[in-house]
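Trainee: To start, I am sharing the structure in question, which I have written as structure tokens.
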Amino acid sequence: MESLKGHVEAIESEFGEAIVARDESLVSLSEATSLGPPDLCWLQKQGSGWALSRLEPQGFYHYVTGNDVSSSASGLYHNTRTSINRGFYCTYDPFTRLDIRCELSVPGGVECGALDTEGTVHEVTPAMWRNCQLAAFLRAELYDAELTSHCNCFKRMDPLAKATDATRLLDLLDPLAKAADESRLLDLVKEMYWEAFLPRAQEALLHDEGLGCTAEHMDVVLNTILCHFSRQQRWVAALEFFKSVAEVHPGAAVYV
60 MESLKGHVEA
70 IESEFGEAIV
80 ARDESLVSLS
90 EATSLGPPDL
100 CWLQKQGSGW
110 ALSRLEPQGF
120 YHYVTGNDVS
130 SSASGLYHNT
140 RTSINRGFYC
150 TYDPFTRLDI
160 RCELSVPGGV
170 ECGALDTEGT
180 VHEVTPAMWR
190 NCQLAAFLRA
200 ELYDAELTSH
210 CNCFKRMDPL
220 AKATDATRLL
230 DLLDPLAKAA
240 DESRLLDLVK
250 EMYWEAFLPR
260 AQEALLHDEG
270 LGCTAEHMDV
280 VLNTILCHFS
290 RQQRWVAALE
300 FFKSVAEVHP
310 GAAVYV
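In the working numbering, the protein residues as written are 60 to 315.
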């Protein structure tokens, strides 16, 4: 194990194996209804000293949920102890079933593409970034922390840059701890309902685990947002949000 600014990283036994495994998983993901895997941050690093720089570069990786993936500016980190030569930040769009890849080359900058099951790279559209932002929130809220606790290189992002020991636990439980992050996410969700993208597109997210008994009004996006407000006991803000969505999506009225 290695660390990167507090993030525990796994070291690859074969160079690039984490990226290859993610590529291979896209086929099964395309045939499934799910939120998709956690984000993958993969880095090719090399020692910065004269002696270390002569060694072969190694691949390091860790998994992330709750990161801001609204644009290509997120995800890749810097470590002063080693030199980062290349990096990938991968976040899955469950609505289009494409894996959004941001590739960092040093020198060179960042290039983005959306990878499909055939290995074809597509242009990343603003709609895909919007999908990824919502999916990142849902994964951070709905992934079972107990099931992921066995993975030391799994990181649920702390949305606050500065946090005291007393507030850090609460921050980790809330991927929308900043008011600006919450406002941006809620506006995005409203926009998706106003455009009628939701709730229709939710069919790609999960199957009917109730085998026909799941309530017809079950809406995984609205239900997750309700849990977010419920955890903070912010019922007035919840009422305002659901009343707004109910204007264009009557199903949201059951949450009012």
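Glycine included, every Cβ here is placed at the ideal spot set by N, Cα and C.
For Phe213 and Glu76, I'd like the C-alpha separation in whole angstroms.
Mentor: As a first step, residue 213 is located in the sequence shown; it is residue number 154 there, counting from the start. As a first step, residue 76 is located in the sequence shown; it is residue number 17 there, counting from the start. A straight-line Cα-Cα distance of about 17 Å links Phe213 and Glu76.
Trainee: Quick one: what does DSSP say His178 is sitting in, helix, strand or coil?
Mentor: By 1-based counting over the sequence shown, the position of residue 178 is 119. Residue identity check: residue 178 is Gly in the sequence provided, not His. The answer is coil: DSSP assigns Gly178 none of H, G, I, E or B.
Trainee: By Cβ distance below 8 Å, which residues in the same chain neighbour Arg81 in space, the five residues on each side in sequence not counted?
Mentor: Taking the first residue of the sequence shown as 1, we reach residue 81 at position 22. Closer than 8 Å at Cβ, skipping near neighbours: Pro96, Leu99, Cys149, Asp158.
Trainee: Can you give the Cα-Cα distance for Asn126 and Ala311, rounded to whole angstroms?
Mentor: Counted from its first residue, the sequence shown places residue 126 at position 67. Counted from its first residue, the sequence shown places residue 311 at position 252. So the two alpha carbons sit approximately 27 Å from each other.
Trainee: In this structure, how does DSSP classify Glu170 when only helix, strand and coil are distinguished?
Mentor: The residue labelled residue 170 in the question sits at position 111 within the sequence shown. Correct three-state label for Glu170: strand.
Trainee: Pull up the distance between the alpha-carbon of Met187 and that of Gly172, whole angstroms please.
Mentor: For the purposes of this step, residue 187 is taken as the residue at position 128 of the sequence shown. For the purposes of this step, residue 172 is taken as the residue at position 113 of the sequence shown. If I take the Cα positions, the gap works out to 11 Å.
Trainee: With burial defined as no fewer than 16 other Cβ atoms inside 10 Å of the residue's Cβ, what is the status of Trp294: buried or exposed?
Mentor: For the purposes of this step, residue 294 is identified with residue 235 of the sequence shown, where counting begins at 1. By the neighbour-count rule (16 or more Cβ atoms within 10 Å), Trp294 is not buried but exposed.
Trainee: Could you check if Gln292 is buried or exposed, using at least 16 other CB atoms within 10 Å of its CB as the buried criterion?
Mentor: In the sequence shown, residue 292 corresponds to position 233, counting from 1. Classification of Gln292: exposed, given that the 10 Å Cβ count is below 16.
Trainee: Considering only C-alpha positions, which residue in the set Leu247, Ala239, Glu241, Gln103 is nearest to Asn144?
Mentor: On the sequence shown, residue 144 is found 85 positions in, with the first residue counted as 1. Checking every option, the nearest Cα to that of Asn144 belongs to Gln103.
Trainee: For Tyr120, decide whether its Cβ has a neighbour in chain C, counting only Cβ atoms nearer than 8 Å.
Mentor: The question asks about chain C, but that chain is absent: this structure has only one protein chain.
Trainee: Using beta-carbon positions only, say whether Asp278 and Gln261 come within less than 8 Å of one another.
Mentor: For the purposes of this step, residue 278 is identified with residue 219 of the sequence shown, where counting begins at 1. For the purposes of this step, residue 261 is identified with residue 202 of the sequence shown, where counting begins at 1. Yes, these two residues count as a Cβ contact at 8 Å.
Trainee: Would Cys286 be called buried (16 or more neighbouring beta carbons within 10 Å of its own) or exposed?
Mentor: The residue you call residue 286 lines up with position 227 of the sequence shown. Its Cβ having fewer than 16 others within 10 Å, Cys286 is exposed.
Trainee: Quick check on DSSP: helix, strand or coil for Ser142?
Mentor: Along the sequence shown, read from residue 1 onward, the residue named residue 142 stands at position 83. DSSP places Ser142 in strand when its eight states are reduced to three.
Trainee: What does the Cβ neighbour count give for Cys161, buried or exposed, with the cut at 16 atoms within 10 Å?
Mentor: Translated into the one-based positions of the sequence shown, residue 161 becomes position 102. It counts as buried.
Trainee: Alpha carbon to alpha carbon, what distance is there between Glu73 and Ala194?
Mentor: One-based indexing of the sequence shown puts residue 194 at position 135. One-based indexing of the sequence shown puts residue 73 at position 14. Rounded to whole angstroms, Ala194 to Glu73 spans 30 Å at the Cα level.
Trainee: Measuring only the C-alpha atoms, how far is Gln315 from Glu250?
Mentor: In the sequence shown, residue 315 corresponds to position 256, counting from 1. In the sequence shown, residue 250 corresponds to position 191, counting from 1. According to the sequence displayed, residue 315 carries Val and not Gln. Taking the straight line joining both Cα atoms gives about 19 Å.
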